[in-house]
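FYI, the UniProt record's numbering numbers position 547 of the sequence shown as 547, with every residue one higher than the one before it.
Here's the structure we're looking at; comments come further down.
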Amino acid sequence: MESRSASVFGIDSSLSGKAWRWRGGNMDLSEGPAGLEDDIVTQILLSRGVAREDLERHRNPSLRAFLPDPSHFRDMDAAAERLAQAVMTDETVTVYGDYDVDGATSAALLILLLRKLGHEARYYIPDRLLEGYGPSGEALVRLAGEGSSLIVTVDCGAMAHEALEMAHEAGVDIIVVDHHKCSPELPRAAALVNPNRLDEGQLAASHGHLAAVGVAFLLAVATVRTLRARGYFETRREPDLFALLDLVALGTVADVAALHGLNRAFVAQGLKVMARRDNIGMSALIDASRLGRAPTCSDLGFALGPRINAGGRVGEATLGVRLLTTTDPEEAREIAAQLSRLNDERRAIEQAVQEMAELQIERQHNRAVMVLAGEGWHPGVIGIVAGRIKEKTGKPALVIALGADEAGNGKGSGRSIPGVDLGAAIIAAREAGLLVAGGGHAMAAGLTVAPGKLDALSEWLDERLGADVVRASASQAVLLDLALSPRGLSPTLVDTLESAGPFGMGWPGPRVAVGPVRIVKADVVGANHLRLIVSGPDGGRFKAMAFRAAETDMGQTLLHAREGRRLWLAGRARIDDWGSTPQAELHLDDAAFCD
């Protein structure tokens, strides 16, 4: 196996300034398959950390192979007992969700579970702008006053000490189902289920990558098991929990949870459920996204998820839950259409905020963490913009909407890079008195910062995370799984590569290098996308797309490259199915000249 320290094709500085390395072993098929010890899928699995003796379990990830006993999680049995009791005694239950996709799918999952159990639950989704993230004490007390004796918070609550104390004093029981970072002291609750509790056992803590919807599914399993033990199903049919996996898949991918282990099984099986279109709202969402085929993993993150998110970002926060739990096809179509319109509006707002944020980057080029802030920035898009800034700069980014509440505080959202735990830093900053509120997980965080504390926060983050960012940045390279000649890029190859999926955060899609090629045509299409038509000496010819890259240094270099100059291209091999005959194309990440 070739050392990762050896550059691929001698490329130590590509057009993006990165070295090219093999992710695992050398899989150079550009001159034929000679010397390849394993099939391509086996090599991909091995390079993602799968032990050779565990290959079969990972080739077709199933729940049977990966689902842990929910009782290993602290408070899980107490949560299941309390929820089962509410079902059997017909208590009024309210599911308190978050306004993003993970929150909406988590809430919808528990609502549909309870409906399958013969119990109709209420739900409450806070308004992003008026109430902000997490359960508010006032809302919990109000729900108690309206008759709820049990409230289940999903995708929030792990750090809501004051709000949950108010709920306790009002006499309502709270079950917290969350996955965000916890402090050593937990809020008062009847049960707090979170694999990221600091007192969690080893097996449960190994599932800290679960999205909240995954934790909610484990609670569903535990609740059904508890009801079974109590004889609840002697006169009724047990619910089909597998039918809820489409929700688990959507929430997991949209929340950018790491797709290894159980999450990969959730998504693999959830996509199969989604293809059946059993959920009326999900089916309408697929139609509104103009997908003429069964959704893929990337569709969840780039087509379906953003539409659900748009309701919480720039529209009505409850739209996602309403869509995913409705039994009325006409209502589903109307909500899905509304979410699509809101998503278009969100894109326009996002572009305006991003342009203003990018103007501040130059002044912070020496910062380890980009902290960009502005008056009038819409709080509903700052997380997306933070992600864009992170991709552009290669550094963690915080984007803050100043004056977002009556006290003049700034509301911020952050996105990080692998190897830099932003959530832990934000929690520490809050404990240090630099923030009014804040929390999150390794790759994403949210915060509220008081006026006048912004500079101090920037300095503090620089000091705390500077060394981590340097180490993470130094280790960045373009990691390649496979090298091909131009004719080797085919639909059959794409199908082979995709069979090792689903791919996402923590289980990266295979990146292939194709070459050498010459550019036949280069132009800009759509919103700043670079399109290349290239050909190789073996007669192979294909299209390569570099999205949002036309104005980058790499894009400009390729647009104006000297005619006939040879180069290698690196990216994801995908299927272009717009025409009558599917063709393989390359979604470009990087390029390097051969001479």
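Backbone N, C-alpha and C define an ideal beta-carbon position, used for all residues, glycine too.
All of these numbers come straight from a predicted model, not from anything done at the bench.
Under DSSP, the beta-bridge partners assigned to Gln583 are Asp576. Shown here, Val193 sits in a strand according to DSSP, grouped into three states. Between Asp299 and Pro502, the alpha-carbon positions lie close to 12 angstroms from each other. Under the DSSP assignment, Lys390 falls in the alpha helix (DSSP H) whose first and last residues are Ile382 to Thr393. Take the alpha-carbon of Gly17 and the one of Ala401: they are about 32 angstroms apart.
The beta-bridge partner set that DSSP reports for Tyr96 consists of Tyr124 and Thr153. Per DSSP, Glu345 lies in no beta strand (DSSP E); the unbroken alpha helix (DSSP H) holding it starts and ends at Pro329 to Glu358. Separation of the CB atoms of Gly506 and Asp468 is rounded to 18 angstroms, and the pair is thereby denied contact status at 8 angstroms. Per DSSP, reduced to three states, the secondary structure at His441 is strand.
According to DSSP, residue pairing for Ser535 in a beta bridge involves Arg518 and Arg541.
In this structure, the straight-line span from the alpha carbon of Leu227 to that of Glu81 is close to 8 angstroms. For the stretch 269 to 308, not one full-length beta strand (DSSP E) segment reaches 3 residues or more. Cβ-Cβ distances below 6 angstroms link Leu114 to Ala121 in the same chain, with the five nearest sequence neighbours on each side left out; the list follows chain order. By the Cβ test, the stretch 66 to 85 is not in contact with the stretch 283 to 298, since fewer than three Cβ pairs between them sit closer than 8 angstroms. Nearest Cα to His529 within the set Val514, Leu461 and Gln556: Gln556.
Per DSSP, the unbroken beta strand (DSSP E) holding Ala373 starts and ends at Met370 to Glu375. Ser14 is classed as buried because its beta carbon has at least 16 other beta carbons within 10 Å across all chains shown. Pairing Ile417 with Pro396 gives a Cβ-Cβ distance under 8 angstroms. Residue burial annotation: Leu259 is buried, with at least 16 other C-beta atoms found within 10 angstroms of its C-beta. A straight line joining the alpha-carbon of Leu489 with that of Arg21 spans about 20 angstroms.
Distance from the CA atom of Leu479 to the CA atom of Arg511, rounded to whole angstroms, is 7 angstroms. Excluding residues up to 5 positions away in sequence, Arg487 lie with their Cβ nearer than 7 angstroms to the Cβ of Gly539 in the same chain. For Asp553, the enclosing alpha helix (DSSP H) stretches over residues Asp553 to Leu559. The Cβ atoms of Trp568 and Pro516 sit closer than 8 angstroms to each other. In terms of CA proximity to Arg531, Met554 leads the group Ala513, Pro537 and Met554. Around His119, the same chain offers Val87 as residues with beta carbons nearer than 6 angstroms, after the five sequence neighbours per side are excluded. Exclusion of the five residues before and after Ile384 leaves Glu350 as the residues of its chain whose Cβ lies within less than 6 angstroms of its Cβ.
In terms of Cβ geometry, Leu110 and Val154 form a close pair [threshold 8 angstroms]. Taking the Cβ atoms as the reference, Asp455 lies roughly 13 angstroms from Val369, outside the contact range of under 8 angstroms. The C-beta separation of Ser62 from Ala265 comes to about 6 angstroms, placing the pair in contact by the 8 angstroms criterion. Your pair Ala352 and Pro379 does not check out as a contact, with CB atoms roughly 14 angstroms apart and the cut at 8 angstroms. Put simply, of Ser7, Asn343 and Val321 the residue whose alpha carbon is nearest the alpha carbon of Ala303 is Asn343.
As DSSP reads the structure, Ala546 sits in a beta bridge with Leu530. Apart from sequence neighbours up to five positions away, the residues of its chain that approach Ile426 with a beta-carbon distance below 6 angstroms are Gly438, Gly440, Ala445 and Leu447, ordered along the chain. Under DSSP, Ile175 shares a beta bridge with Val152 and Ala191.
DSSP places Trp20 in the uninterrupted beta strand (DSSP E) bounded by Trp20 to Trp22.
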